[in-house]
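Just so we're aligned, residue -18 is where the sequence shown starts under the working numbering, counting upward by one.
Here is the structure we will look at.
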Amino acid sequence: MSYITLLGDSIIDNKTYVQKGELSVLEHLENISEYEYTQLAFDGDTILNVLNGQLLSPAIATSSHLVLSIGGNDLLHNLSFLYEGPVDKINDAVAGVQQYIFKPLEQRFETIIQRLSSHRANLLLCTVYEGDLGRTDEFRDVLDSSKIMVSSFNDTVYKTASKYNADVLELRHIFTSPEDYANPIEPSHIGGEKLAQAITDWIQKTS
């Protein structure tokens, strides 16, 4: 029997965002497989929340498979720099973003993976998707710039996965249509079903 622990944010904990009668990612997982799931993922959580909270759960130590989807909220919290006025030297701006935003995130993210990889469980890391930001005025002005942020963080996901021999699930290949989103940044019933199927396929492959 496989025991799966789900860590992260609302990419997994999306129950609040699906319509009445629709299924969350967890409910899809339970509907299409007979594995036992523990959901630690919580809507709104950041990398720091996982590090200081979710990692403390005893369920992790008894899991055969661990799934982590985190980082999107960290990027959202740092979108403000995209709205700032032009800078004299673009290299200075890029260096500042790397030093003050991405470097701390990378260090915390690697600490999480280091701790998870110390357990004898298969580990799956999800990338951050780009969302459907173009559907609202709130994000439309930073649509292209936000994709650069996502790409930069996902580079960290891939590098860390390689270092700790973890698998990677590329969410940008799963969430490919507006119907996959319940709003600009949350999975819909349809997107959640696609994610659940991809996770289930990975569990079957690694069991």
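Even for Gly, the Cβ is constructed at its ideal location relative to N, Cα and C.
All of these numbers come straight from a predicted model, not from anything done at the bench.
To which residues of the same chain is residue i closer than 8 Å at the C-beta, ignoring the five residues directly before and after it?
i: lysine 70; result: Residue placement at lysine 70 cannot be trusted, given a pLDDT of 46 that sits under 50; the coordinates are not used to answer.
i: histidine 58; result: Thr27
Could you pull out every residue in the same chain whose Cβ sits closer than 7 Å to the Cβ of residue i, ignoring the five residues on either side in sequence?
i: asparagine 72; result: For asparagine 72, the predicted model reports a pLDDT of 46, less than 50, meaning its position is unreliable; a value from the coordinates is still stated below. Answer for asparagine 72: no residue qualifies.
i: alanine 102; result: Ser44, Ser45, His46, Leu47
i: glutamate 151; result: Thr108
Start and end of the alpha helix (DSSP H) containing residue i?
i: asparagine 103; result: Counting along the chain, asparagine 103 falls outside any alpha helix (DSSP H), though it belongs to the beta strand (DSSP E) covering 103 to 107.
i: proline 159; result: Segment: none, proline 159 is in no alpha helix (DSSP H) and carries neither H nor E.
i: serine 143; result: 124 to 144
i: glutamate 8; result: 6 to 13
i: valine 31; result: 28 to 33
i: phenylalanine 90; result: 84 to 98
Specify, as a first and last residue, the run of the beta strand (DSSP E) that residue i falls within.
i: valine 48; result: 46 to 50
i: leucine 150; result: 148 to 150
i: threonine 19; result: 17 to 20
i: isoleucine -15; result: -16 to -11
Flag this pair as yes or no: are the beta carbons of residue i and residue j separated by less than 7 Å?
i: isoleucine 28; j: glycine -11; result: no
i: valine 6; j: glycine 173; result: yes
i: leucine 4; j: histidine 170; result: yes
Between the options, which lies nearest to residue i when the distance is taken from Cα to Cα?
i: isoleucine 93; options: Thr141, Leu56, Tyr110; result: Thr141
i: glutamine 20; options: Leu49, Gln185, Val(-1); result: Leu49
i: aspartate 55; options: Asp24, Leu36, Ser38, Pro39; result: Asp24
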